[in-house]
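**Q** Structure below; questions to follow.
In mature numbering (1 follows the signal peptide of the UniProt record, and there is no 0), the protein residues as written are -43 to -1, 1 to 274.
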């Protein structure tokens, strides 16, 4: 049933995060170079690969047990430029307990639309004292929703969560970046009015434009902890694979997203994110806010990318 105008239901011209394009909104890509409308997905459409024994070709770069140690918080106000609602640094928050962190969009409970970007940045070198390089990186964390979003859970309504490995090479030291990022960025769609509710997408490029690739993975929202993992080959500028709860799904040769930032600096930085976005407030705006819980972030480097899917990095709790 279509939501009333007073509710933040889906709108085909309004998409959050990196997904608003100047002509026609979000491109939905069913495969690299192929355009398709979003349709109902069957859970785990791709062939998953169960996690195997520890991968000896993978070197641990960094990890934090429990909360997101070292992560800061940035607001992405009005994702996609679809509203003129007030927004600032006070509209995102990251807090931690001994066991996990909470990333919150709109903690003040005002009428706003914001993506709360929990992030940790490594400049020039990764925490294992190795230079940042065009390596194959494997980023993982555990994620939990505090409640199952539904139309009756207002104002606690999400749009989606995001996980990202981002490389910024502002001086083109490693590749001819020309002020563009490389991003392995995925999102879990959580707006209960959206027909893609529970689906997991990966941002990619199609004909030079940003697109959302339907991975075929559906994770029905619940309040359990889940392990999300993404592997990106920065040298080839492609995804390798994606995992949910240790079940691997190949994304072979899917191009990484690449975003132009002419106002960013000359630094060389590797960024990991854990993001939380409140639901689009609608044309007759209502208050929405959302908190996502995260723990056990981890970054690894594959010594031999051709080895295929890494083993699960799930931390035993």
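Positions of the beta carbon are idealized from the N, C-alpha and C atoms, including for glycine. Everything numeric in this text was worked out from a predicted model, so none of it was measured.
Our contact map puts residue 91 next to residue 131 with C-beta atoms below 8 angstroms; I'd like the distance itself, whole angstroms only.
**A** Yes, residue 91 and residue 131 are in contact; Cβ-Cβ is about 5 angstroms, under 8 angstroms.
**Q** Rounded to the nearest angstrom, what separates residue 284 and residue 136 at their Cα positions?
**A** This structure cannot speak to residue 284, because the chain is shown only from -43 to 274.
**Q** Would you check if there are 3 or more beta carbon pairs closer than 8 angstroms linking the segment 14 to 29 to the segment 77 to 86?
**A** They touch, by the three-pair rule.
**Q** Is the beta carbon of residue 170 sitting closer than 8 angstroms to the one on residue 180?
**A** Their beta carbons are not under 8 angstroms apart, which means residue 170 does not touch residue 180 by this criterion.
**Q** What ranges does the beta strand (DSSP E) occupy inside the segment 58 to 82, keeping only unbroken runs of at least 3 residues that lie completely in it?
**A** Here the runs fully enclosed are 58 to 62, 71 to 80.
**Q** Quick check: the segment 112 to 124 against the segment 233 to 253, are at least 3 beta-carbon pairs closer than 8 angstroms?
**A** Judged by Cβ distances under 8 angstroms, the segment 233 to 253 makes contact with the segment 112 to 124, as three or more pairs qualify.
**Q** Check whether the segment 47 to 62 and the segment 201 to 210 touch, using three or more Cβ-Cβ pairs below 8 angstroms as the test.
**A** Segments in contact, no.
**Q** If you compare alpha carbons, which of 107, 104, 95, 61 is closest to residue 142?
**A** Taking only the C-alpha atoms, the option nearest residue 142 is 95.
**Q** Would you identify the three-state DSSP class for residue 54, choosing helix, strand or coil?
**A** DSSP places residue 54 in coil when its eight states are reduced to three.
**Q** Among residues of its own chain, excluding the 5 on either side of residue 85, which ones have a beta-carbon nearer than 6 angstroms to its beta-carbon?
**A** If we look at residue 85 and ignore the five residues flanking it on each side, its Cβ neighbours are 18.
**Q** Do you know whose CA, among 237, 258, 255, lies nearest residue 39's CA?
**A** For residue 39, the nearest C-alpha among the options comes from 237.
**Q** Below 8 angstroms on the Cβ atoms is my guess for residue 150 versus residue 108; work out the distance and round it to an integer in Å.
**A** Sure, about 7 angstroms apart at Cβ, within 8 angstroms.
**Q** By DSSP's criteria, residue 44 is part of a beta bridge. Which residues make up the other side?
**A** None; residue 44 has no bridge partner.
**Q** How many Å lie between residue 14 and residue 255 at the Cα?
**A** Approximately 16 angstroms, taken between the alpha carbons.
**Q** Please list, in chain order, all residues of the same chain as residue 155 whose beta carbon is under 8 angstroms from its beta carbon, the five residues on each side excluded.
**A** Counting only Cβ-Cβ distances below 8 angstroms, and skipping sequence neighbours, we find 145, 146, 147, 175, 176, 177, 178.
**Q** Only counting runs of 3 or more residues, tell me where the beta strand (DSSP E) segments fall wholly within the segment 128 to 197, in order along the chain.
**A** Complete beta strand (DSSP E) runs here, min 3: 138 to 146, 156 to 163, 166 to 175, 183 to 190.
**Q** Taking only beta-carbon positions, decide if residue 18 is within less than 8 angstroms of chain D.
**A** Chain labels in this structure do not include chain D; a single protein chain is all it has.
**Q** With distances taken between CB atoms, is the gap from residue 185 to residue 98 smaller than 8 angstroms?
**A** Against a cut-off of 8 angstroms, the Cβ pair of residue 98 and residue 185 comes out as a contact.
**Q** Does DSSP put residue 90 in a helix, a strand or coil?
**A** Coil, per DSSP.
**Q** Measure the CB-CB distance between residue 73 and residue 61 and report whether it falls below 8 angstroms.
**A** In this structure, residue 61 lies closer than 8 angstroms to residue 73 by Cβ.
**Q** Note down the Cα distance separating residue 36 from residue 69, rounded to an integer number of angstroms.
**A** About 11 angstroms.
**Q** Could you work out which residue in 52, 153, 67 is closest to residue 173 when comparing CA atoms only?
**A** Ranking the options by Cα distance to residue 173, first place goes to 153.
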